[in-house]
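Engineer: The structure's right below; bear with me while I get my questions together.
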Amino acid sequence: MQSSKSGSLFQNGLVLGFLAAFLWGTHSVIVRYLTGDLGGMQIATTRLFIAALAIYCMLRTMKMPVSIQYRDWNFRLAVFSTVVNYILFHIGLEHTGAASAMVLENTAPFFVLIFLYFFADTPVGRTDVLATLLAIAGVFLTVFRDFEGGGDPVLGDEMEIAAGISWAVFLIASSRAMQASQSTGERLNFLFGVFLCSGVVLLAMSVFAFQVPTGNDVVFLLLLGVFPTALAYYLWYEAAARVSTLTATLMFAASVVFTFINSAIFLGAAITPLAVVGAALIVFAVFLTTKK
Numbered sequence: 037m038q039s040s041k042s043g044s045l046f047q048n049g050l051v052l053g054f055l056a057a058f059l060w061g062t063h064s065v066i067v068r069y070l071t072g073d074l075g076g077m078q079i080a081t082t083r084l085f086i087a088a089l090a091i092y093c094m095l096r097t098m099k100m101p102v103s104i105q106y107r108d109w110n111f112r113l114a115v116f117s118t119v120v121n122y123i124l125f126h127i128g129l130e131h132t133g134a135a136s137a138m139v140l141e142n143t144a145p146f147f148v149l150i151f152l153y154f155f156a157d158t159p160v161g162r163t164d165v166l167a168t169l170l171a172i173a174g175v176f177l178t179v180f181r182d183f184e185g186g187g188d189p190v191l192g193d194e195m196e197i198a199a200g201i202s203w204a205v206f207l208i209a210s211s212r213a214m215q216a217s218q219s220t221g222e223r224l225n226f227l228f229g230v231f232l233c234s235g236v237v238l239l240a241m242s243v244f245a246f247q248v249p250t251g252n253d254v255v256f257l258l259l260l261g262v263f264p265t266a267l268a269y270y271l272w273y274e275a276a277a278r279v280s281t282l283t284a285t286l287m288f289a290a291s292v293v294f295t296f297i298n299s300a301i302f303l304g305a306a307i308t309p310l311a312v313v314g315a316a317l318i319v320f321a322v323f324l325t326t327k328k
């Protein structure tokens, strides 16, 4: 009976993770629209505050107490890595192509493996390494057609690799915290604290380049803050509480698949055979990590 229950929870974790990836996949479509009027750091800061407000409303609706665990080491790492990632990713995107940025940030699973092996005393098998390499190759193939130059690609690429490292820290810290959590309330409070504290830190960087958003910008900022940020992260946190750290990490890479699908639907992007192969590799890599 216990085995059946665990299997059910595990399968739910996969479903929740892919739902989160689907919502993350709408991120670039919305941001691409917003960057026509607003700066990257302003968008990043605003979406964090909106997401924090959305999570707060969820907590109050569920009549759960609101608290921030400042003393939790995993929480501190999650906030620090979120701030660093948002800065590096958004600024790096100004110097390199969007496809390069997507591939390089999604090297995070590779760094997760390194951190788990050397710093967390976690066994890393050949299957884990193979799944990680397949996922990274899948991301590359999915966005291969969009590679482009411009700016200073060396600086931009270096920043995106650093963003991938910082994101790996976020994924590990969050996954460990979620696996140790006991309730939805704990997970929501952890996420609320990450959004709020990260937003406060980044506010100083965005206020100097503040631009007044249009009515349409406000609507899309609300959509960005609620769905690809608050709801997507919440679903991923619920998934991370049920699956392994590496599986949860590769689910983030699966967002590239849905980015590709949403771009085709809403932006008219072409669907290429390489992209289909890349998407299949990413999904296969996620399920490969579930095999003992």
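In terms of the numbering used here, the sequence shown opens at residue 37 and continues consecutively. Beta carbons: idealized from backbone N, C-alpha and C, even for Gly. Computed from a predicted structure; not experimentally measured.
Flag this pair as touching only if the segment 258-272 and the segment 87-96 have three or more C-beta atom pairs under 8 Å; answer yes or no.
Structural biologist: yes
Engineer: Do the CB positions of L238 and Y122 come within less than 8 Å of each other?
Structural biologist: yes
Engineer: Nearest by alpha-carbon distance to D73: which of F246, L324 and Y270 is it?
Structural biologist: Answer by Cα proximity: F246.
Engineer: Give me the Cα-Cα distance between G251 and Q78, rounded to the nearest whole angstrom.
Structural biologist: 16 Å
Engineer: Taking buried to mean at least 16 other C-beta atoms within 10 Å of its own C-beta, is W203 buried or exposed?
Structural biologist: buried
Engineer: The alpha helix (DSSP H) spanning S219 covers which residue range?
Structural biologist: Neither: S219 is in no alpha helix (DSSP H) and is coded neither H nor E.
Engineer: Short check: CB of N225 to CB of V102, under 8 Å?
Structural biologist: Taking the C-beta atoms as reference points, V102 is found nearer than 8 Å to N225.
Engineer: In its own chain, which residues sit with a C-beta less than 7 Å from the C-beta of Y69, not counting the 5 before and 5 after it?
Structural biologist: F256
Engineer: So, helix, strand or coil for F54, using DSSP?
Structural biologist: Helix, per DSSP.
Engineer: Would you kindly report the start and end of the unbroken alpha helix (DSSP H) that includes S117?
Structural biologist: W109 to G128
Engineer: Reducing DSSP to helix, strand and coil, say where N48 ends up.
Structural biologist: helix
Engineer: Count the other CB atoms within 10 Å of the CB of G43; is the residue buried (16 or more) or exposed (fewer)?
Structural biologist: In this prediction, G43 scores a pLDDT of 46, lower than 50, which makes its location untrustworthy; the coordinate-derived value is nonetheless stated afterwards. With fewer than 16 other Cβ atoms within 10 Å, it is exposed.
Engineer: From Q38 to M214, what does the alpha carbon distance come to, in whole angstroms?
Structural biologist: Note that Q38 scores 36 on pLDDT, short of 50, meaning its location in the model is unreliable and no value can be drawn from it.
Engineer: I need the DSSP call for F244, collapsed to helix, strand or coil.
Structural biologist: It is helical.
Engineer: Compute the beta-carbon to beta-carbon distance between L177 and L310, rounded to the nearest angstrom, for a pair I have assumed lies under 8 Å.
Structural biologist: 5 Å
Engineer: How long is the line joining the alpha carbons of M195 and G128, rounded to whole angstroms?
Structural biologist: Distance from the CA of M195 to the CA of G128, rounded to the nearest whole angstrom, comes to 5 Å.
Engineer: Check whether the Cβ atoms of L170 and F320 sit closer than 8 Å, and answer yes or no.
Structural biologist: yes
Engineer: Quick one: Cα of T326 to Cα of T283, how far?
Structural biologist: 7 Å
Engineer: CB H131 to CB L191, shorter than 8 Å?
Structural biologist: Yes. Within cutoff.
Engineer: Output needed for M241: all residues of its chain with C-beta closer than 8 Å, excluding positions within five of it in sequence on either side, in chain order.
Structural biologist: M77, T81 and I123
Engineer: Count the other CB atoms within 10 Å of the CB of A306; is the residue buried (16 or more) or exposed (fewer)?
Structural biologist: The Cβ neighbour count for A306, taken over all protein chains shown within 10 Å, is under 16; the residue is labelled exposed.
Engineer: Just confirm the distance between the C-beta atoms of T143 and G200, as a whole number of angstroms; I'd bet it's less than 8 Å.
Structural biologist: Going by Cβ atoms, the distance from T143 to G200 rounds to 4 Å, so yes, they are a contact pair.
Engineer: Roughly how many angstroms separate the alpha carbons of F85 and D253, rounded to a whole number?
Structural biologist: 15 Å
Engineer: Which word fits F281, buried or exposed, when buried means at least 16 other C-beta atoms lie within 10 angstroms of its C-beta?
Structural biologist: The identity of residue 281 in the sequence shown is Thr, whereas the question assumes Phe. Buried.
Engineer: If you drop the 5 nearest sequence neighbours on each side, which residues of the same chain put their C-beta closer than 7 Å to that of L259?
Structural biologist: I66
Engineer: For A275, count neighbouring Cβ atoms within 10 angstroms of its own Cβ and tell me buried if that reaches 16, exposed if not.
Structural biologist: buried
Engineer: Let me know the secondary structure DSSP gives I104 once reduced to three states.
Structural biologist: DSSP, reduced to helix, strand and coil, places I104 outside both helices and strands of the structure shown, so it counts as coil.
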